[in-house]
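Visitor: First the structure, which I've put down as structure tokens, then a few questions once you've had a look.
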Amino acid sequence: MLTSPSYQAYKALFDSQYNDLCNYAFSFLKDDAAAEDVVQETFIRLWEKHRELINIPNIKAYLFRAVRNNSISVLRRQTTEEAGNKGFEWIVEHAEDPDAREVENSRPYYEQLIYEAIANLPPQCKEVFTCCRLQGMTHQQTATKLGLSAKTVENYMGRALKLLRKYLQQYGLPVAIFFLLKLF
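At position 141 of the sequence shown (counting the first as 1) the number is 141 in the working numbering, and the numbers step up by one without a gap.
This is the structure in structure tokens:
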């Protein structure tokens, strides 16, 4: 395998583009380790699909686009996680009872309500929501996995979020609790 022409071409491509791609990823992520992880993951995916991609006319452009998209996905996950943390912090800060320990102890109750709300979603909404929010997939990845269009996934997500908010408001929970979903 190490002497195969495709491996040699892959290694040469890796050696020639790795630093440039890391710098490009860093321009999005502002974190050396995360940038390297994105580039390495991109090259792993490239190798896994190298037989399908052999006829790409401009592999360098493909790699830069893939690194860009993967970097944006990482940023989205980070933003969602930060929003989840801020949502729970908001609940702790704005609780009617100033005893933060009591609020922290009620967290399992909030999580249980959220799980119940998800379980009550229509089947297709639940599946789309689970892929996008709980598994961290993009709308396009979810669409591909479920055989739907990206627009359909977007519509299901909007419907799911609306139904979840409505369910949680029945119990008097602030909408900010909804950000806890990404903490699971």
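For each residue, glycine too, the CB sits at the ideal point set by N, CA and C.
What does the alpha-carbon distance come out to for the pair P122 and N55?
Guide: Taking the sequence shown and counting its residues from 1, one reaches residue 122 at position 122. Taking the sequence shown and counting its residues from 1, one reaches residue 55 at position 55. Distance between the alpha carbons of P122 and N55: 42 Å.
Visitor: Count the other CB atoms, across all protein chains shown, that sit within 10 Å of the CB of R133; report buried if there are 16 or more and exposed otherwise.
Guide: To locate residue 133, count along the sequence shown from 1; it is residue 133. So R133 ends up on the buried side.
Visitor: Of all the options L75, S149, K30, A9, which has the alpha carbon lying nearest to the alpha carbon of F43?
Guide: As a first step, residue 43 is located in the sequence shown; it is residue number 43 there, counting from the start. Considering only alpha carbons, the answer is A9.
Visitor: Report all residues from its chain with a CB closer than 6 Å to the CB of A160; omit the five preceding and five following residues, and keep chain order.
Guide: The count along the sequence shown starts at 1 and reaches residue 160 at position 160. Excluding positions up to five away in sequence, the list reads L121, C125, F129.
Visitor: Taking the alpha carbon of Y18 as the point to measure from, which residue in T142, A66, E52, R51 has its own alpha carbon closest?
Guide: Against the sequence shown, residue 18 aligns to sequence position 18. Looking at the Cα atoms, A66 is the closest of the given residues.
Visitor: If you measure between the beta carbons of I72 and F26, is that distance less than 8 Å?
Guide: In the sequence shown, the residue the question calls residue 72 occupies position 72. In the sequence shown, the residue the question calls residue 26 occupies position 26. Their beta carbons are not under 8 Å apart, which means I72 does not touch F26 by this criterion.
Visitor: Are there 16 or more other CB atoms within 10 angstroms of the CB of A35, so buried, or fewer, so exposed?
Guide: Sequence index remark: in the sequence shown, residue 35 carries index 35 (1-based). By the 10 Å Cβ count, A35 comes out buried.
Visitor: Rank T144, I118, M137, T142 by C-alpha distance to the C-alpha of K166 and give the top, closest one.
Guide: Your numbering for residue 166 matches position 166 in the sequence shown. Ranking the options by Cα distance to K166, first place goes to I118.
Visitor: CB-CB under 8 Å to W47, same chain, minus the five flanking residues each way: which ones, in chain order?
Guide: As a first step, residue 47 is located in the sequence shown; it is residue number 47 there, counting from the start. Contacts found: Y10.
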